[in-house]
Amino acid sequence: AQTVTQSQPEMSVQEAETVTLSCTYDTSESDYYLFWYKQPPSRQMILVIRQEAYKQQNATENRFSVNFQKAAKSFSLKISDSQLGDAAMYFCAYRSEGGTYKYIFGTGTRLKVLA
Amino acid sequence: NAGVTQTPKFQVLKTGQSMTLQCAQDMNHEYMSWYRQDPGMGLRLIHYSVGAGITDQGEVPNGYNVSRSTTEDFPLRLLSAAPSQTSVYFCASSRRGRGGNTGELFFGEGSRLTVL
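Protein sequences appear in the order of chains A and B.
The working numbering runs 312 ahead of the 1-based position in the first sequence.
The working numbering runs 28 ahead of the 1-based position in the second sequence.
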């Protein structure tokens, strides 16, 4: 069974600084997607960034980028130039492409942005 | 564009009561799923479906039933509510396959359920 682990329950970053959130996963599959979702206090789930396992190039979306290490099964999220609006829960997620398309989430990291 | 609609947003039940959380999506997504979110536990998959007539269990299926008679609807049933089922529930849907915005999971607004 696939698992997703986020070992940092909470992180803090100074406004305008850079922070990295960690995620590791376990799978025997070779074809899958990885995601980072943001959940602000409104409870809405917002897609931040996605990575296809067969693409070696790390995904980037404006201030958000990932470090995808397939062999190490690691998928960290880097937020550059942190803003107050980045404060939220961040969830790492795995989607199987092996037919089930099942999504598995990690336990989340609460990010605090300090002014 | 409604996206994923789940109802009700809030519900209080007594132990032993039954209820159904409704979920509907208008994006013709094949994949639909239910999660529960508890503090420190993240989102845990309850049940999911890859198409009409097909359902499967997730990580925490006990105490919940689902059915998928149409592509659009995926209700979650609690047959005999227990205090351990107090949680926030999310319905979510996605396209299968690749291309376009493949992979993105679209969420409903969540339903807060309290079982006394």
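Glycine included, each C-beta is placed from N, C-alpha and C at the ideal position.
Just so you know, these numbers come straight off a predicted model, no measurement behind them.
Comparing alpha carbon positions, the residue from A:D343, A:S342, A:Q326 and A:E364 closest to A:G397 is A:Q326.
The C-alpha of B:N56 lies about 10 Å from the C-alpha of B:R124.
Neighbours of A:M357 in chain B, taken as residues whose beta carbon is under 8 Å from its own, are F118, A120, L133 and F135 in chain order. With a threshold of 8 Å between beta carbons, B:M69 makes contact with chain A. Closest option to B:D66, judged by alpha-carbon separation, among B:F134, B:S115 and B:Y92: B:S115. One finds T412, Y413, K414 and Y415 in chain A with Cβ atoms closer than 9 Å to the Cβ of B:Y76, taken in chain order.
Residue environment: B:Q85 is assigned as exposed (fewer than 16 neighbouring CB atoms within 10 Å of its CB, all protein chains considered). Leaving aside the five residues that flank A:E322 on each side, the residues in its chain whose CB is nearer than 6 Å to its CB run, in chain order, R422. The C-beta of A:R407 comes closer than 8 Å to at least one C-beta of chain B.
Per DSSP, the continuous beta strand (DSSP E) segment holding B:R140 begins and ends at S139 to V143. When the Cα atoms are used, B:Q39 and B:D101 turn out to be separated by approximately 20 Å. Nearest CB-CB separation between B:Y59 and chain A: below the 8 Å threshold.
For B:H75, the uninterrupted beta strand (DSSP E) run begins and ends at G70 to G79, by DSSP. Looking at the DSSP output, B:D66 shares a beta bridge with B:G70.
Taking the Cβ atoms as the reference, A:S324 lies roughly 5 Å from A:K424, within the contact range of under 8 Å.
Non-local C-beta neighbours of B:A30 in its own chain, meaning closer than 7 Å and more than five positions away in sequence, comprise D54, ordered along the chain. Out of A:A365, A:T315, A:V360 and A:P352, the CA that lies nearest to the CA of A:R375 is found in A:V360.
With 16 or more other Cβ atoms inside 10 Å of its own Cβ, A:T419 counts as buried. In the structure shown, B:S112 falls within a helical segment according to DSSP collapsed to helix, strand and coil.
Per the Cβ contact rule, the region 325-340 of chain A is not in contact with the region 81-99 of chain B (fewer than 3 Cβ pairs under 8 Å). Of all residues in the region 74-101 of chain B, only Y76, V78, D84, G86 and E87 come within less than 9 Å of chain A when Cβ atoms are compared, listed by chain position. Chain B places a beta carbon closer than 8 Å to that of A:G418, counting this residue as a contact. Under the three-state reduction of DSSP output, A:D398 falls in the helix class.
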